[in-house]
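Student:
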Amino acid sequence: MNMNKKARCIAFYLPQFHPIPENDEWWGKGFTEWTNTAKAKPLFHGHYQPHIPADLGFYDLRIPETRIAQAEMAQEYGIEGFCYYHYWFAGKRLIERPFNEVLESGTPDFPFCLCWANQTWTGIWHGAPNKILIEQTYPGEEDYRAHFDTLLPAFRDPRYITVDGRPLFLVYSPLELPDAEKFVSLWQTLAKAAGLPGLFMVGVKHDDRWVPGLGGFDAAILQKLPPKIAHVPWKYPRLKMRQARGNHRLTVYNYEQAVKPLLRKGDAGYLEFPCVIPNWDNTPRSGMNGLVLYNSTPALFGNYLKNAIERVSPLPPEHRIVFMKSWNEWAEGNHLEPDLKFGKAYLEMLREILS
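For the sequence shown, the working numbering begins at 1377 and goes up steadily by one.
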């Protein structure tokens, strides 16, 4: 790690860009994240959809050259590493192939860490939020041990991102853990027994109900979006009528206004890493029940990023971490990878501010 860097920028990484049998069964043969991304349509005047990838195209993450190209691009623009979403359902893993191949092949030679996305999968990706596809359960200690053992080769990999010498591991929904303190304590014990100095455990903070002191976590990541209320500005009267007729709950916010609550100042009272969102629009997944942050620009993103870097600047270099959400969540309109509208403008803004 370069100790002189302004910040350690780590980008969340979604591996759902290759077909799996479960998605074939649930949504049809060949379904990937691109399926929803490509079919998206604008819902109101000025609504930017669909988002079409530029430099990297509609890639397949089973192809090593794609993963190498992503890492090279991320590194060129100042990203320290990827935080791969990791899915574990009581021993069953999903969309694990891209990361497994990165781990087993040693390629690309680019830092990484893992985030356990411990949420039940529903049909929200396809407009059916009440349809449960696979439930997130917590059977207990035996499952926690099996989970740790499965990830131990990753924790030992020299590319794995560390904080204070400890492998960095994220839990996306710490409040959903029925016994967070037991889980964290057990994994710390197992890590030390395996010859590691322990783990640096971080929970993602979606609201004010959770702070790191709950459950023994070392830190939090502030990742909040506006509340999902049925709110469409009156400047879109036709959209409001359409919403009312269909009993939809489309939410539309101006990006600049929506991120203001995230531009924190001062000390939160615990170690909290900011999370910068370049954009958000999950209507490709949720249609008229989605949430849209409109009018995001590279300049506004840059202001947001500057604020995040200022907040971590007083910290020791190891702790100057800023998470980016995300590298490639295309069906949520939430990506740093280049698209046809902005090209590499967001990445160029990132590199400019970091340098």
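Positions of the beta carbon are idealized from the N, C-alpha and C atoms, including for glycine. Given the structure is predicted, the values throughout are model-derived calculations rather than measurements.
Report the CB separation of residue 1657 from residue 1708 in whole angstroms; it is logged as a contact under 8 angstroms.
Tutor: Correct: roughly 7 angstroms between the Cβ atoms.
Student: Grab me the residues of residue 1555's own chain with a C-beta within less than 8 angstroms of its C-beta, minus the 5 sequence neighbours each way, in chain order.
Tutor: Cβ neighbours of residue 1555 beyond the five flanking positions: 1514.
Student: What's the gap between the Cα of residue 1558 and the Cα of residue 1568?
Tutor: Distance between the alpha carbons of residue 1558 and residue 1568: 16 angstroms.
Student: From the DSSP output, in three-state form, read off residue 1586 for me.
Tutor: It is coil, neither helix nor strand.
Student: Buried or exposed for residue 1387, please, with buried defined as at least 16 other CB atoms from any protein chain shown within 10 angstroms of its CB.
Tutor: With 16 or more Cβ atoms within 10 Å of its Cβ, residue 1387 is classed as buried.
Student: When the distance is taken between beta carbons, is residue 1574 closer than 8 angstroms to residue 1588?
Tutor: It is not a contact, given that the beta carbons lie outside the stated cut-off.
Student: Between the Cα of residue 1392 and those of 1407, 1381 and 1382, spot the shortest distance and give me the residue it belongs to.
Tutor: Among 1407, 1381 and 1382, the Cα nearest to that of residue 1392 belongs to 1407.
Student: Short check: CB of residue 1416 to CB of residue 1660, under 8 angstroms?
Tutor: Result yes, Cβ atoms of residue 1416 and residue 1660 sit closer than 8 angstroms.
Student: Can you tell me where the alpha helix (DSSP H) with residue 1696 in it begins and where it stops?
Tutor: Unbroken run through residue 1696: none, as it is neither H nor E.
Student: With residue 1581 as the anchor, note down where its alpha helix (DSSP H) starts and where it stops.
Tutor: Taken as a continuous stretch (DSSP letters only), residue 1581 belongs to no alpha helix (DSSP H), being part of the beta strand (DSSP E) at 1576-1581.
Student: Short of 8 angstroms in beta carbon distance, which residues of its chain neighbour residue 1432, apart from the five on each side in sequence? Order them along the chain.
Tutor: Within the same chain, residue 1432 has close Cβ partners 1442, 1445, 1446, 1449, 1713 and 1714.
Student: Count the other CB atoms, across all protein chains shown, that sit within 10 Å of the CB of residue 1521; report buried if there are 16 or more and exposed otherwise.
Tutor: The residue is exposed, with fewer than 16 neighbouring Cβ atoms inside 10 Å.
Student: Going by the beta-carbon positions, is the gap between residue 1461 and residue 1536 smaller than 8 angstroms?
Tutor: Their beta carbons are not under 8 angstroms apart, which means residue 1461 does not touch residue 1536 by this criterion.
Student: Is the beta carbon of residue 1631 less than 8 angstroms from the beta carbon of residue 1672?
Tutor: Yes.
Student: Please decide whether residue 1383 counts as near chain D, where near means a Cβ-Cβ distance under 8 angstroms.
Tutor: Going by chain labels, chain D is absent from the structure shown, which holds only one protein chain.
Student: Closest to residue 1405 by C-alpha separation, out of 1413, 1414 and 1394, would be which residue?
Tutor: Per the Cα distances, 1394.
Student: Is it buried or exposed, residue 1594, if we count other Cβ atoms within 10 angstroms and call 16 or more buried?
Tutor: Buried.
Student: Taking residue 1677 as part of the beta strand (DSSP E), name the residues at either end of that continuous run.
Tutor: From DSSP, residue 1677 is part of no beta strand (DSSP E) but of the alpha helix (DSSP H) over 1674-1688.
Student: So, for residue 1414: in the same chain, excluding its five sequence neighbours on each side, which residues have a beta-carbon less than 8 angstroms away from its beta-carbon?
Tutor: Cβ within range, chain order: 1426, 1428 and 1434.
Student: What do you reckon, are the CB atoms on residue 1440 and residue 1481 nearer than 8 angstroms?
Tutor: Yes, they are a contact pair.
Student: Starting from residue 1384 and walking both ways along the beta strand (DSSP E), at which residues does that stretch end?
Tutor: From DSSP, the beta strand (DSSP E) with residue 1384 extends over 1384-1389.
Student: Taking DSSP as the reference, what is the three-state secondary structure of residue 1523?
Tutor: In this structure, residue 1523 counts as helix in the three-state DSSP scheme.
Student: Helix, strand or coil for residue 1438 per DSSP?
Tutor: Coil.
Student: Taking the C-alpha atoms as reference points, what is the distance between residue 1686 and residue 1436?
Tutor: Roughly 37 angstroms separates the two Cα atoms.
Student: Find the nearest neighbour of residue 1543 within the set 1473, 1509, 1571 and 1591, judged by alpha-carbon distance.
Tutor: For the residues 1473, 1509, 1571 and 1591, the minimum Cα distance to residue 1543 belongs to 1571.
Student: Checking the sheet assignment: what are the DSSP bridge partners for residue 1543?
Tutor: Paired residues: 1538.
Student: So, helix, strand or coil for residue 1469, using DSSP?
Tutor: Strand at residue 1469.
Student: Look at the alpha carbon of residue 1468 and the alpha carbon of residue 1475, and state the distance between them as a whole number of angstroms.
Tutor: When rounded, the distance between both Cα atoms is 15 angstroms.
Student: Would you mind stating whether residue 1597 and residue 1531 have Cβ atoms separated by less than 8 angstroms?
Tutor: Not closer than 8 angstroms, so no.
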